[in-house]
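Asks: According to this note's numbering, the sequence shown is numbered sequentially starting from 1. Even for Gly, the Cβ is constructed at its ideal location relative to N, Cα and C. Fair warning: this is a prediction, and the values are worked out from it, not measured in the lab. Before I ask anything, let me first share the structure, which is written out below as structure tokens.
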Amino acid sequence: MDQNNQPAPQPPYGNMVAPQSKKKKTGLIVGITLGVLAIVAIIAALLTYFLWWQNPEKMVTDAVSNAIVSKKAVVNGKIVANMKDSVKLELNVKANSASDKVKSNIDAKLTIKDIDKSFSFKGDVVVDGDGTVYVKIDNLKDSFSDIFELMMEEKSAKSGFALSKDQRKEYRDEMLSQLEPVLDNFNGKWMKISSDDLKNDDYKCYTEALKKMRRDEGIRKEIAQLYRKNNFLDIKDTKLSDRNGGRGFEIKGNHDKFSKFAEQLKDSSVGKDMSKCKKIDNETGESSDGDASLKLWASGFSHELRAIEFKGRANDTTIEASLDVDMNKASEVEIPSDAANMKELLDSLSLL
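Quick look at the structure:
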């Protein structure tokens with residue numbers, strides 16, 4: 001055979017295929033391993049979310065701590081104070097808290113139980129960082145008209161002389177006429193009263209301490225850390241319906257942990273400032289912990305406070321509050337620039 005026509009030598013078949021097969025198997029193993037690790041990581045993350053992040057105690061602790069530190073919040077709801085045999089006060093409130101300032105829209109109804117009379121007040125309240133209170137009552141003249149009529153009824157009853165409806169109206173109008181110039185100046189307009197006007201050193205002292213706390217994030221974080229260390233709110237029930245996008249919890253206070261929190265709070269920055277103010281006597285009056293109820297709702301994702309319900313009793317007064325909360329969503333609060341001094345109105349009332 002002609003050597004020139006012989007086929008060229010070929011490399012062994014096995015030597016060509018073996019390296020490719022090995023690479024494919026190695027890549028497959030790596031891919032499967034990474035896939036398994038990814039699945040394990042996802043499962044671990046989900047377990048962490050549901051078993052730790054969604055843990056009721058953590059949710060409540062985070063919600064309260066975040067609320068302490070936060071500088072902004074919007075609160076909507078109703079507060080009712082019911083004094084057994086005298087009056088009932090109902091407040092529909094929308095409050096906007098930003099930095100160290102608060103603005104509230106208030107629709108109030110005051111009921112005098114003895115005579116079954118009710119008075120309504122509608123307006124706005126703003127409190128600035130220095131403790132100055134700004135008030136605007138939209139129906140000031142109508143409210144005083146009702147109040148003066150009530151005063152005439154009480155005066156008639158105490159004196160033993162019955163007054164006709166026309167006589168009561170005449171006396172009421174006479175009293176209103178004395179105040180009319182002042183009421184015209186303040187009806188539906190802003191008026192303010194400062195801590196200096198109140199001449200109350202205790203109010204000024206607490207205002208300064210709270211102002212410092214609101215303006216210093218470090219102080220608020222210090223309080224939040226003390227709360228986390230002495231978490232005095234225990235979970236009583238988790239089977240509440242959702243509210244305002246939050247999961248609900250019924251809470252019970254832990255007296256021992258609260259006592260430790262209160263003691264350590266005294267040594268904090270704000271505690272030392274408040275210790276300079278007049279002590280508030282907590283022993284006066286009787287309260288019943290058995291009648292007290294606190295419910296909180298917290299976001300499952302952000303752990304922000306979403307709602308609060310509270311019921312409590314002290315002496316013959318019961319207080320109920322039901323409030324929806326939106327943290328960190330408040331708009332800036334504008335302080336009224338044209339407010340007159342409320343002292344003029346108060347001085348005029350003192351002359352009656």
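Helix, strand or coil: which one does DSSP assign to V333?
Replies: V333: coil per DSSP, three-state reduction.
Asks: Any idea what DSSP makes of E286, helix, strand or coil?
Replies: Only weak support exists for where E286 lies, its pLDDT of 47 falling under 50; the coordinates are left without a value.
Asks: For A63 and I223, I'd like the C-alpha separation in whole angstroms.
Replies: Rounded to whole angstroms, A63 to I223 spans 14 Å at the Cα level.
Asks: Taking its Cβ as the centre, do 16 or more other Cβ atoms sit within 10 Å of N96, making it buried, or is it exposed?
Replies: N96 is buried by the Cβ-count criterion.
Asks: Do K295 and E309 have their CB atoms nearer than 7 Å?
Replies: Yes; because the gap between Cβ atoms is below 7 Å, this pair is in contact.
Asks: Hey, which unbroken runs of the alpha helix (DSSP H) at 4 residues or more fall wholly within the stretch 154-229?
Replies: 165-186, 195-198, 201-215 and 217-229, all fully within the stretch 154-229.
Asks: Excluding five sequence neighbours on each side, which residues of the same chain lie with their C-beta closer than 8 Å to the C-beta of G285?
Replies: Here the model assigns G285 a pLDDT of 44, short of 50, so the residue's position is not dependable and the matter cannot be decided.
Asks: Going by CA-CA distance only, name the one from A262, K101 and E263 that's closest to V353.
Replies: Residue 353 is absent from the structure shown; the chain starts at 1 and stops at 352.
Asks: By Cβ distance below 7 Å, which residues in the same chain neighbour C205 in space, the five residues on each side in sequence not counted?
Replies: Around C205: K276 and C277.
Asks: Which of helix, strand or coil does DSSP assign to F144?
Replies: Reduced to three states, the DSSP call for F144 is helix.
Asks: Going by DSSP, name the residue or residues bridged to G300.
Replies: G300 pairs with nothing; no bridge assigned.
Asks: Can you tell me which of R228, W190 and K257 puts its alpha carbon nearest to the alpha carbon of E386?
Replies: Lying outside 1 to 352, the shown extent of the chain, residue 386 is not represented and no answer is given.
Asks: Using a Cβ distance threshold of 8 Å, determine whether the stretch 112-122 contacts the stretch 133-149, with at least three qualifying pairs required.
Replies: Short answer: they touch.
Asks: Mapping the DSSP letters down to three states, classify M59 as helix, strand or coil.
Replies: In the structure shown, M59 sits in a helix (DSSP, three-state: H, G or I).
Asks: Whole angstroms is fine: what's the gap from N254's alpha carbon to G188's?
Replies: One C-alpha to the other measures close to 46 Å.
Asks: Where does K84 sit, in a helix, a strand or coil, going by DSSP?
Replies: Coil.
Asks: Decide if the stretch 206-215 is in contact with the stretch 128-142; the criterion is three or more beta carbon pairs, one per stretch, under 8 Å apart.
Replies: Contact holds: three or more Cβ-Cβ distances are below 8 Å.
Asks: Pull the bridge partners of I68 from the DSSP assignment, please.
Replies: Answer is none; I68 lacks a bridge partner.
Asks: Would you tell me roughly how many angstroms separate the C-alpha atoms of K72 and I335, rounded to the nearest one?
Replies: The straight-line gap from Cα to Cα measures roughly 16 Å.
Asks: To the nearest angstrom, how far is it from the Cα of D201 to the Cα of L305?
Replies: Going from the Cα of D201 to the Cα of L305 covers about 34 Å.
Asks: DSSP beta-bridge partners for T132?
Replies: T132 is not bridged to any residue.
Asks: Using the beta-carbon count (16 or more within 10 Å), is K155 buried or exposed?
Replies: Exposed, because fewer than 16 other Cβ atoms sit within 10 Å of the Cβ of K155.
Asks: Would a C-beta distance cut-off of 7 Å place R243 and W297 closer than the cut-off?
Replies: For R243 and W297, yes; Cβs fall inside 7 Å.
Asks: Apart from the five residues just before and just after K221, which ones in its own chain have a Cβ nearer than 7 Å to its Cβ?
Replies: Once the five neighbours on either side are set aside, the close Cβ partners of K221 are V69.
Asks: Give me the Cβ distance between N341 and K136, rounded to the nearest whole Å; I'm assuming they're in contact under 8 Å.
Replies: Contact doesn't hold; Cβ gap of about 14 Å is too wide.
Asks: Excluding five sequence neighbours on each side, which residues of the same chain lie with their C-beta closer than 7 Å to the C-beta of T61?
Replies: Taken in chain order, the residues that qualify are R228 and N231.
Asks: When you compare only the Cα positions, how much space is there between Q178 and L150?
Replies: One C-alpha to the other measures close to 17 Å.
Asks: Mind reading off the beta-carbon distance from G123 to D324? Whole number of angstroms is fine, and I expect it under 8 Å.
Replies: Incorrect: roughly 21 Å between the Cβ atoms, too far for contact.
Asks: Just to confirm the assignment, what range does the beta strand (DSSP E) spanning K101 have?
Replies: Start and end: K101 to I112.
Asks: By DSSP's criteria, R243 is part of a beta bridge. Which residues make up the other side?
Replies: Partner(s): G246.
Asks: Measure from the alpha carbon of L346 to the alpha carbon of each residue in V74, I235, L183 and Y171, then state which is nearest.
Replies: Answer by Cα proximity: L183.
Asks: How long is the line joining the alpha carbons of K311 and S293, rounded to whole angstroms?
Replies: Looking at the two C-alpha atoms, the distance is approximately 5 Å.
Asks: Could you tell me how far apart the beta carbons of G245 and S299 are, in whole angstroms, since I believe they sit closer than 8 Å?
Replies: Sure, about 6 Å apart at Cβ, within 8 Å.
Asks: Short of 7 Å in beta carbon distance, which residues of its chain neighbour N185, apart from the five on each side in sequence? Order them along the chain.
Replies: Excluding positions up to five away in sequence, the list reads A340.
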